[in-house]
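> Position one of the sequence shown corresponds to residue 9 (the working numbering), numbered consecutively onward. For each residue, glycine too, the CB sits at the ideal point set by N, CA and C.
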Amino acid sequence: MRWGDTWRHAWGGGVGVGRPEHRPRRWTDDGTVQILPAATDEGYALVPTSSDKRALEEFYEQCNGLRWSVQQNWGVGEPCANGWHGVVCHGGRVTELWMNLNNVACMGQFNLTALAKLDELVYLDLSDNLFSGKIPDELNKMGRLTNLRHLDLSANDLSGSLPKSMGKMKSLEVLYLGESGLEVKNKLSGKIPSEWAGMKSLTRLSLRGNNDVKGKFPSWIGELKNLEELTLSNTGLAGEVPESIVQCENLRLLDLSQNKLSGPVPEAITRLKKLKHLRLGQNAFEGDVPRAIAELTELETLDLGSNELEGELPSSFERLSKLEYLDLSRNKFEGKLPSILPKIPTLRAVIMHQNAFEGPIPDAYLTNLPLLKHLYLEGNRLTGPLPTAALLEAKHLVEFHAHFNAIAGTIPSQFGSMPKLASLQLQGNRLVGGIPPELGDGEALARLDLSQNALVGEIPSALANATELAELTLSMNALVGAIPPSLESLPLLRKLKLDQNQLTGSVP
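1) What first and last residue would you give for the beta strand (DSSP E) that runs through residue 309?
2) Can you tell me where the alpha helix (DSSP H) with residue 372 in it begins and where it stops?
3) Can you tell me the Cα-Cα spacing of residue 43 and residue 327, whole angstroms?
4) In the region 233 to 307, which residue ranges form an unbroken beta strand (DSSP E) of at least 3 residues, counting only runs that do not cross its ends?
5) Provide the residue(s) that pair with residue 490 in DSSP beta bridges, ordered along the chain.
6) Output needed for residue 49: all residues of its chain with C-beta closer than 8 Å, excluding positions within five of it in sequence on either side, in chain order.
7) So what's residue 166 in DSSP terms, helix, strand or just coil?
8) Find the nearest neighbour of residue 453 within the set 506, 426, 491, judged by alpha-carbon distance.
9) Which residues share a DSSP beta bridge with residue 408?
10) So, residue 428 versus residue 405, is the Cβ gap smaller than 8 Å?
11) If we call anything under 8 Å between Cβ atoms a contact, is residue 519 one with residue 495?
12) According to DSSP, is residue 105 part of a helix, a strand, or is it coil?
13) To the nearest angstrom, how far is the alpha carbon of residue 478 from that of residue 430?
14) With a CB to CB cut of under 8 Å and the five nearest residues on each side skipped, what residues in its chain are close to residue 391?
15) Kindly indicate which residue of 216, 185, 232 has the alpha-carbon position closest to the one of residue 204.
16) Report all residues from its chain with a CB closer than 8 Å to the CB of residue 167; omit the five preceding and five following residues, and keep chain order.
17) How big is the Cα-Cα spacing for residue 213 and residue 266?
18) Tell me the DSSP secondary structure of residue 212 in three-state form.
19) Going by other Cβ atoms of all chains shown within 10 Å of its Cβ, with 16 needed for buried, is residue 364 buried or exposed?
20) Within its chain, find whatever has a CB closer than 8 Å to the CB of residue 378; leave out the 5 residues flanking it on each side and keep chain order.
21) Can you tell me whether residue 216 is buried or exposed? The criterion is at least 16 other CB atoms within 10 Å of its CB, across all chains shown.
22) Indicate the three-state DSSP secondary structure (helix, strand or coil) for residue 60 in the structure shown.
23) Counting C-beta neighbours from all protein chains within 10 Å, is the total for residue 282 16 or more, i.e. buried, or is it exposed?
24) Whose C-beta lies closer than 7 Å to the C-beta of residue 307 among residues of the same chain, with five residues either side of it excluded?
25) What residues in its chain sit with their C-beta under 6 Å from that of residue 351, if we drop five residues either side in the sequence?
26) On the premise that residue 81 lies in contact with residue 93, defined as a C-beta separation below 8 Å, what is that separation, rounded to the nearest angstrom?
27) At what residues does the beta strand (DSSP E) containing residue 452 begin and finish?
28) Taking residue 271 as the reference, give the member of 122, 68, 296 with the closest Cα.
29) Check residue 476 in the structure and name its three-state DSSP category.
30) Which of helix, strand or coil does DSSP assign to residue 197?
31) Which of helix, strand or coil does DSSP assign to residue 446?
32) With distances taken Cα to Cα, identify the nearest neighbour of residue 438 among 474, 485, 446.
33) Report the three-state DSSP secondary structure of residue 390 (helix, strand or coil).
34) Using alpha carbons as the reference points, say which of 184, 91, 64 lies closest to residue 218.
35) Considering just the uninterrupted stretch of the beta strand (DSSP E) at residue 140, what are its terminal residues?
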């Protein structure tokens, strides 16, 4: 999962009376896991109506229950009293069904006929299963489920058009039809139906990964005024974001990445004051970063990567006092690295590779960002020596990527004193001198790439002290001498590239 992501809110688990580790569970808004009550918890009736039981039995038969990953107690006694996996009851009725990650596959077309009879159902999660085919017409019947608030059909193998009938589901608050990050994903297509404007109660909507949806961004989106999370990434949407989105004033997450959206970054988005996560990466937005984006003072994630943006970051950016993740990569930014960023001490990830930034890496990027974990500066035009003493201030830095620039000078020994540094990539620069033996002191160092420089001298045997090292690439330098036998003792080493040097002797 990418940094800042909050689009998945349900995951698998079983019902085991008195055993919380086996009960259904879901993610809450604050990122913690809520264990759902077992069917026999206090306040939960033990015997559902016979019609609910028959509906569950019909679903079990239709969807090949004998092949489910977990079928705990299904068919044994009563669903609630006997703790049928994924079933939650209240007031004598089945109110929740959590069947995610359970290898569920209905025979023939995806069929919801049985579940449409559970007229007190509030939560229905069928995500990460093997359902295939079109979303059926039974959704018209699902519209009669006036209590249904949560419907998750994501990460299956569904296809066909997005059903217009979903617009009749007036009480629905959460609708997930996208992918989950697993290989399996839906393949829904066609325009987003205007009838969906009828789902006035929606707070979360995800179509992520259905890249044949296409069409223009729906102009009616502003009618869904209760939306808090809107994820339309990788859906094929094109054109400009409509002004009407400003009416979705409760949005906290807006993910429009991996589409074909164009024009300037919409000013309307800068008026969504509650936004915490904004992802516009991998589109065709152009022009300057709007100054008004600094008005989004709740922002924690800002992804503008892989667009056609240029100019300078506005000085007002320092008002983004909660920003943790910033992606400006693969744009047309140039000039010196933005001096405004070290004034945002909450930053944990600064992603600015493949632009045209030039000049040295300022010490302030290491000394003034105490929480920084990820610094990606590769593929720019950076010059000058690397920071030295400032490296000792970056106590939480995990990744330092500055490869394929024009950085000169020697490799600072201080890199070996960074306790969390796991990935150091300096290949493709103009570095000279020897490899500091102190790099072997890197307690967390797992990936070291110093290739395509002008390094000389012998390979330090002390590198074998970096016991977490899994990848060591020193090729295309001017290294001499024998390959240290001590490297053979590295327990995790799986990649060693030393070609195009002047090494002698045999490989240990």
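According to the structure data:
1) As a position in the sequence shown, residue 309 is number 301, starting the count at 1. Looking at the DSSP string, the run of the beta strand (DSSP E) that includes residue 309 is 309 to 311.
2) Reading the sequence shown from its first residue, position 364 is the one you call residue 372. Note, residue 372: alpha helix (DSSP H), 372 to 375.
3) Taking the first residue of the sequence shown as 1, we reach residue 43 at position 35. Taking the first residue of the sequence shown as 1, we reach residue 327 at position 319. Below a pLDDT of 50, predicted positions are generally treated as unreliable, and residue 43, at 43, falls in that range; the measurement from the model is reported next regardless. If I take the Cα positions, the gap works out to 37 Å.
4) Runs found: 237 to 239, 261 to 263, 268 to 271, 285 to 287, 292 to 296.
5) Looking up residue 490 in the sequence shown gives position 482. 512, per the DSSP bridge assignment.
6) Here residue 49 corresponds to residue number 41 of the sequence shown, with the count starting at 1. In this prediction, residue 49 scores a pLDDT of 42, lower than 50, which makes its location untrustworthy; the coordinate-derived value is nonetheless stated afterwards. For residue 49, where only same-chain residues beyond five positions count, there are no Cβ hits under 8 Å.
7) As a first step, residue 166 must be located in the sequence shown, where it is residue number 158. Strand.
8) Numbered from 1 along the sequence shown, position 445 holds the residue referred to as residue 453. Checking every option, the nearest Cα to that of residue 453 belongs to 426.
9) Against the sequence shown, residue 408 aligns to sequence position 400. Paired residues: 383, 432.
10) Indexing the sequence shown from 1 puts residue 428 at position 420. Indexing the sequence shown from 1 puts residue 405 at position 397. Yes. Within cutoff.
11) Lying outside 9 to 516, the shown extent of the chain, residue 519 is not represented and no answer is given.
12) Stepping through the sequence shown from its first residue, residue 105 is reached at position 97. In this structure, residue 105 counts as strand in the three-state DSSP scheme.
13) Taking the sequence shown and counting its residues from 1, the one referred to as residue 478 is at position 470. Taking the sequence shown and counting its residues from 1, the one referred to as residue 430 is at position 422. Distance between the alpha carbons of residue 478 and residue 430 is about 10 Å.
14) Counting from 1 along the sequence shown, the entry for residue 391 is found at position 383. Counting only Cβ-Cβ distances below 8 Å, and skipping sequence neighbours, we find 366, 367, 368, 413, 414, 415, 416.
15) Against the sequence shown, residue 204 aligns to sequence position 196. Considering only alpha carbons, the answer is 232.
16) The residue you call residue 167 lines up with position 159 of the sequence shown. Here the set comprises 140, 141, 142, 194, 195, 196, 197.
17) Reading the sequence shown from its first residue, position 205 is the one you call residue 213. Reading the sequence shown from its first residue, position 258 is the one you call residue 266. The alpha-carbon atoms of residue 213 and residue 266 are separated by roughly 17 Å.
18) As a first step, residue 212 is located in the sequence shown; it is residue number 204 there, counting from the start. Strand, per DSSP.
19) For the purposes of this step, residue 364 is identified with residue 356 of the sequence shown, where counting begins at 1. With fewer than 16 other Cβ atoms within 10 Å, it is exposed.
20) Indexing the sequence shown from 1 puts residue 378 at position 370. 353, 401, 403, 404.
21) Position 208 of the sequence shown, counted from the start, is the residue given in the question as residue 216. So residue 216 ends up on the buried side.
22) Stepping through the sequence shown from its first residue, residue 60 is reached at position 52. Three-state result, residue 60: helix.
23) As a first step, residue 282 must be located in the sequence shown, where it is residue number 274. That one is exposed.
24) As a working note, residue 307 is residue 299 in the sequence shown. Same-chain partners within the cutoff: 283, 284, 286, 328, 330, 331.
25) One-based indexing of the sequence shown puts residue 351 at position 343. Same-chain partners within the cutoff: 326.
26) On the sequence shown, position 85 is the one that residue 93 refers to. On the sequence shown, position 73 is the one that residue 81 refers to. Right, the Cβ-Cβ distance comes to about 7 Å (below 8 Å), so this counts as a contact.
27) In the sequence shown, the residue the question calls residue 452 occupies position 444. Segment: none, residue 452 is in no beta strand (DSSP E) and carries neither H nor E.
28) Here residue 271 refers to the residue found at position 263 when the sequence shown is read from its first residue. Residue 271 has its Cα closest to that of 296, out of 122, 68, 296.
29) On the sequence shown, position 468 is the one that residue 476 refers to. Three-state DSSP puts residue 476 in coil, outside helix and strand.
30) In the sequence shown, residue 197 corresponds to position 189, counting from 1. In this structure, residue 197 counts as strand in the three-state DSSP scheme.
31) In the sequence shown, counting from the first residue as 1, residue 446 sits at position 438. Residue 446 falls in the helix class under three-state DSSP.
32) Taking the sequence shown and counting its residues from 1, the one referred to as residue 438 is at position 430. Of 474, 485, 446, the residue nearest in Cα terms is 485.
33) Along the sequence shown, read from residue 1 onward, the residue named residue 390 stands at position 382. Three-state result, residue 390: strand.
34) Looking up residue 218 in the sequence shown gives position 210. With distances taken between Cα atoms, residue 218 lies closest to 184.
35) By one-based count along the sequence shown, residue 140 stands at place 132. Element bounds for residue 140: 140 to 142.
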